[in-house]
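Residue numbers are given in the numbering used here: position 113 of the sequence shown equals residue 1387, and the series is strictly consecutive.
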Amino acid sequence: MKFLDTPQGRRIAYNQTEGQGPTILFCSGLKSDMEGTKAVHLEAWAQEKGYPFVRFDYSGHGISSGEFAEGAIGDWHEDTLAIVDQVIDGPIIVVGSSMGGWQALLLAKARPERIAGMVTIAAAPDFTEDGYWASFTDDQKASLETEGHVAIPSEYDEDYIITKRLIEEGRSRLVLRDPLSLPFPVRFLQGTEDTAVPTATAVRLLEHAEGDDIRLTLVKGADHRFSDPECLALIAKSVKIVLARQ
């Protein structure tokens, strides 16, 4: 385990393994960390195949500095950029899970010359606006304004504290409102029983993204975790396909 100090003064924990070829960069989901099943499984696969691999914790996640409730999409984007700019050399295959899928898309916009391919798992682009804000009641929106936050239940963890800053800052990071060029091999993966990210989001992303080699795979019955043996194998297979198309 290593630590990186970002230009913004945050301390980011990461794990890096060496290899040959493009570096596989795993971007975790909201309130997830680099010890998650998908990240660890894919790292083991990369080591077996001899590919370099990096996983990390955003600020306010895992063992990186900061508090989750103080963070926002842009902060975690800055953390991702710091890893890309200061830790990784050469081309990158970015793999993003849930909110990490949004981060992967932001990375492709910010560092297009570095991205050689992309795999997303239940990608959740623009979820602060189209998910949280769009579903909030008038009372919740009022609470966000007066108290600065609202609590919403999660089936995976304790309640999420959604802050006014998370919503408002997220509006400057939306990727489904403007052209989204992905001129490299892209594989989107989505479970049909995902209750956190609906299949419609995956289809919307597929239709919105611009590129010559973009595919969406729907897995019937898979949920948001996308972590059973078949799903983990599909993630690795998708990364292998993207690597082979370099």
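In this text, a Cβ means the ideal position worked out from N, Cα and C, and glycines have one as well.
Buried or exposed: where does Glu1521 fall if 16 or more other Cβ atoms within 10 Å of its Cβ makes it buried? Residue 1521 lies beyond the range of the chain shown here (1275 to 1520); nothing can be said about it.
Output needed for Ile1362: all residues of its chain with C-beta closer than 7 Å, excluding positions within five of it in sequence on either side, in chain order. Cβ-Cβ distances below 7 Å link Ile1362 to Thr1297, Leu1299 and Val1328 in the same chain, with the five nearest sequence neighbours on each side left out; the list follows chain order.
Chain-order list of residues whose beta-carbon lies under 6 Å from that of Leu1506 (same chain, five-residue window excluded): Closer than 6 Å at the Cβ level, and outside the excluded window around Leu1506, lie His1315.
So, are the CB atoms of Gly1422 and Ser1371 less than 9 Å apart? Judged by beta-carbon spacing, Ser1371 lies beyond the 9 Å limit of Gly1422, meaning their Cβ atoms are not closer than that value.
Within 9 Å, strictly: CB atoms of Trp1407 and Met1373: No; because the gap between Cβ atoms is not below 9 Å, this pair is not in contact.
Indicate whether Gly1444 and Ala1343 have their beta-carbon atoms separated by less than 9 Å. It is not a contact, given that the beta carbons lie outside the stated cut-off.
Which same chain residues, not among the five before or five after Glu1341, have their C-beta less than 7 Å away from its C-beta? Answer for Glu1341: Gly1334, listed in chain order.
How far does the alpha helix (DSSP H) with Asp1359 in it extend, from its first residue to its last? Here the alpha helix (DSSP H) through Asp1359 covers Ile1347 to Gln1360.
Run through DSSP, which three-state label would Gln1520 get? Note: Gln1520 maps to coil in three-state DSSP.
Compute the Euclidean distance between the alpha carbons of Gly1485 and Pro1281, then round it to the nearest angstrom. For Gly1485 and Pro1281, the distance between alpha carbons rounds to 32 Å.
Quick one: what does DSSP say Lys1305 is sitting in, helix, strand or coil? Coil at Lys1305, not helix or strand.
Hey, could you find the ends of the beta strand (DSSP E) Gly1370 is sitting in? It spans Ile1366 to Ser1371 - the beta strand (DSSP E) in which Gly1370 sits, taken as one unbroken run.
Same chain, Cβ closer than 7 Å to Ala1510, neighbours up to 5 away in sequence not counted: Contacts found: Leu1316 and Trp1319.
Nearest-angstrom Cα separation, counted from Ala1416 out to Ile1395: Their Cα atoms are separated by approximately 33 Å.
Ends of the alpha helix (DSSP H) at Thr1473? Note, Thr1473: alpha helix (DSSP H), Thr1473 to His1482.
Excluding the 5 residues flanking Thr1473 on each side, which residues of the same chain have their C-beta closer than 7 Å to its C-beta? Excluding residues within five positions, the ones whose Cβ falls inside 7 Å are Gln1464, Thr1466 and Leu1492.
Using DSSP bridges, identify the partner residues of Phe1401. Looking at the DSSP assignment, Phe1401 forms no beta bridge with any residue, so it has no partner.
With DSSP as the reference, label Gly1374 as helix, strand or coil. In this structure, Gly1374 counts as helix in the three-state DSSP scheme.
On the DSSP letters alone, give me the boundaries of the alpha helix (DSSP H) that Gln1414 sits inside. Run containing Gln1414: Asp1412 to Glu1421, per the alpha helix (DSSP H) assignment.
So Ser1512 and Val1393 are supposed to be a Cβ contact under 8 Å. How far apart are they, rounded? The pair is a contact, with the Cβ atoms about 5 Å apart (cut-off 8 Å).
Residue span of the beta strand (DSSP E) that contains Val1328, given as start and end: Membership of Val1328 in the beta strand (DSSP E) is indicated by the continuous run Phe1327 to Phe1330.
Nearest-angstrom Cα distance between Ile1515 and Ala1496? Cα to Cα, Ile1515 sits roughly 21 Å from Ala1496.
Closest to Phe1462 by C-alpha separation, out of Ala1483, Ala1287, Gly1336 and Arg1285, would be which residue? Looking only at Ala1483, Ala1287, Gly1336 and Arg1285, the smallest Cα-Cα distance to Phe1462 is reached by Ala1483.
Could you have a look at Thr1297 and say whether DSSP puts it in helix, strand or coil? Reduced to three states, the DSSP call for Thr1297 is strand.
Beta-carbon spacing of Asp1353, Ile1286 below 9 Å: Yes; because the gap between Cβ atoms is below 9 Å, this pair is in contact.
Secondary structure of Phe1342, DSSP reduced to three states: Helix at Phe1342.
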